[in-house]
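Those letters in the sequence shown? Residues 647 to 979, by the working numbering.
Here the structure comes first, spelled out in structure tokens, and everything after it is commentary.
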Amino acid sequence: MKILITSEFFLSGQSTHVLDLAKQLKLLGHKIQIVFTGIHSQTFYSYYGSLLKRQGIIYYTTKHQTNIRNIIRQFRPDIIHCHSSTIFSLTEKMASQLRIPFIVTCHGLGLSHPKYLQALSKAARLICVGVNSAKELMPLFASKIEIIPNGIDIQVFKPAPKEEQLTVYYIARIDSSKIGPLKQLAKAVNKIPELSLTVVGNWKPPLNQIEFVSWQTDLTKILAPANIVAACGRTAREAMASGAAVLLMNKRYDGLINRRLVNKANFDFSGNIGRCRYQQIYKDLKLLTYHPRQLRKIQDFSREYALNYLASSIMAEKTVQVYQQVIKENAKA
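And the structure:
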């Protein structure tokens, strides 16, 4: 199968999702090309572009319709898969002109806005990465929606011998909305003498008594030996695959990820639901610090859950099934 992926590139979980999906689709034997209509980080050129080349994945960087049209005509994909809301309309236009079916992956919320509806109405399928994004679009596009959670490479993110000193690693692309929860985390850590806090982010927050590490393109060296990680989204998944206990935190605090939490009907990795008061952070850290068996139990659960539910290979296989259904339907039309 020939698959063309369209996206913009940001330093974000969405872009990492695109790269990982492309890798896994190629490993499944499919031919993949990517059109990036915008590159919004120089890290793409210093790291991610060469990574794609090593994997044998052809990519283009252009926003011009004539160029994109020529790429499509030359590649002749069976399906086009768009990942960025900013280019839903552009992808729909190219796909319609060249009579190629296209689908969209809906990353996050807010896509029920009227400016997206025309393009989404023309898409053959809408892949939602979680139940909450699906819930938003269900009243409009119930028959088109497929839920395929984000996946991560469980062969890359895997446990190593854990550090003897307990450190809480807060890992995020930091903005002002995250400072409040981060301060609450720092406050909880400071109450426990055996703990220290390391913040890994794109800029140093205005907090005392923390170690700061600038953003890393490769988090495996931090995550593999980590005991405790505070994160959300893709990073929380990567931390679980690395066998860490994970505090689910973004703009709010959603608790320690354990079997009870993941079995809740509206569980997701956003860290924005606010299931817990901030006082719970201290209670959770106290449990992990002073009860080593509980820490190991939760670390083991993290890896087990990742193996069973978070592998990007599973994500890719489910995505291929959607491609096949759409191509079959298009052939009958």
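Here a beta-carbon is modelled for each residue, glycine too, at the ideal position from N, C-alpha and C.
Figure out for me which residue from the options has the closest Cα to the Cα of residue i.
i      : options                           : result
Glu840 : Val775, Lys943 and Lys932         : Lys932
Lys768 : Gln743, Lys978, Tyr899 and Asn778 : Gln743
Ala877 : Val859, Leu763 and Lys897         : Lys897
Leu674 : Thr683, Val966, Val664 and Gln970 : Val966
Tyr762 : Leu736, Arg745 and Gly695         : Leu736
Lys739 : Ala765, Ile800 and Gly754         : Ala765
Arg819 : Val846, Pro827, Ala770 and Gly797 : Val846
Val908 : Pro871, Val875, His937 and Asn954 : Asn954
Phe947 : Ala885, Phe748, Tyr928 and Asp900 : Ala885
Cys774 : Lys964, Gln971 and Ile927         : Lys964
His676 : Asn912, Ile649 and Leu698         : Ile649
Asp900 : Gly920, Gln688, Thr881 and Ala911 : Gly920
Ile793 : Leu772, Val875 and Ile800         : Leu772
Gln830 : Lys929, Ile749, Phe655 and Phe803 : Lys929
Ala911 : Pro723, Asn778 and Val664         : Asn778
Leu812 : Thr935, His686, Ile718 and Thr881 : Thr935
Ser958 : Thr708, Ser687 and Val802         : Val802
Ile725 : Arg719, Ile798 and Phe748         : Phe748
Phe655 : Leu667, Thr881, His686 and Asp666 : His686
Ile817 : Leu657, Thr881 and Ile927         : Thr881
So, is residue i buried or exposed, given that buried needs 16 or more other C-beta atoms within 10 angstroms?
i      : result
His729 : buried
Ser692 : exposed
Gly756 : exposed
Thr863 : exposed
Gln711 : exposed
Lys669 : buried
Gly806 : Reading off the sequence, residue 806 comes out as Ala, not Gly. Per the 10 Å Cβ criterion, exposed.
Gly776 : buried
Thr732 : exposed
His759 : exposed
Thr810 : According to the sequence shown, residue 810 is Glu rather than Thr. Counting Cβ neighbours within 10 Å, Glu810 comes out exposed, since fewer than 16 surround it.
Gln925 : exposed
Asn796 : buried
Asn854 : exposed
Tyr694 : buried
Ala872 : buried
His727 : buried
Leu937 : This sequence places His at residue 937; Leu is not what is there. Classification for His937: exposed.
Arg949 : buried
Arg745 : exposed
Arg883 : buried
Ala788 : exposed
Taking the DSSP output, what are the residues bridged to residue i?
i      : result
Cys774 : Cys752 and Ile793
Phe913 : None; Phe913 has no bridge partner.
Ala957 : Ile798
Met895 : Tyr899
Leu650 : Gln679 and Ile726
Thr813 : Ser842
Ala952 : Bridge partners of Ala952: none, in fact.
Glu857 : Thr844
Val972 : Per DSSP, none; premise fails for Val972.
Ala877 : Leu894
Phe655 : Ile685
When the Cα atoms are used, what is the spatial distance from residue i to residue j?
i      : j      : result
Gly879 : Asn716 : 36 Å
Gly917 : Gln940 : 22 Å
Phe690 : Trp849 : 19 Å
Ser823 : Ile680 : 32 Å
Lys867 : Ala891 : 16 Å
Gln981 : Asn713 : In this structure the chain extends from 647 to 979, so residue 981 is not present and cannot be described.
Leu956 : Ala780 : 18 Å
Ser888 : Leu865 : 10 Å
Gly659 : Ile651 : 16 Å
Gly702 : Arg906 : 41 Å
Ile678 : His753 : 21 Å
Ser696 : Thr751 : 25 Å
Ala977 : Pro785 : 28 Å
Phe858 : Thr844 : 6 Å
Pro851 : Val835 : 16 Å
Trp861 : Lys974 : 43 Å
Phe721 : Lys699 : 17 Å
Asp821 : Ala979 : 47 Å
Leu869 : Val814 : 11 Å
Phe913 : Met895 : 13 Å
Tyr951 : Leu671 : 22 Å
Phe682 : Arg923 : 41 Å
Met647 : Ile718 : 14 Å
Ile960 : Asp799 : 10 Å
Lys790 : Val972 : 10 Å
Ile838 : Thr708 : 51 Å
Lys943 : Ile903 : 12 Å
With a threshold of 7 Å between beta-carbons, can residue i be considered close to chain D, or not?
i      : result
His663 : You won't find chain D in this structure, because it holds only one protein chain.
Just to check, is the beta-carbon of residue i closer than 6 Å to a non-hydrogen atom of the ligand NAD?
i      : result
Gln711 : Ligands in the displayed structure: none, and consequently the ligand NAD is not present.
(message) Extract the residue ranges of the alpha helix (DSSP H) inside the segment 681-743, only unbroken runs of 4 or more that lie entirely within it.
(response) Note on the segment 681-743: whole alpha helix (DSSP H) runs with a minimum of 4 residues are 695-700, 711-721 and 734-743, in chain order.
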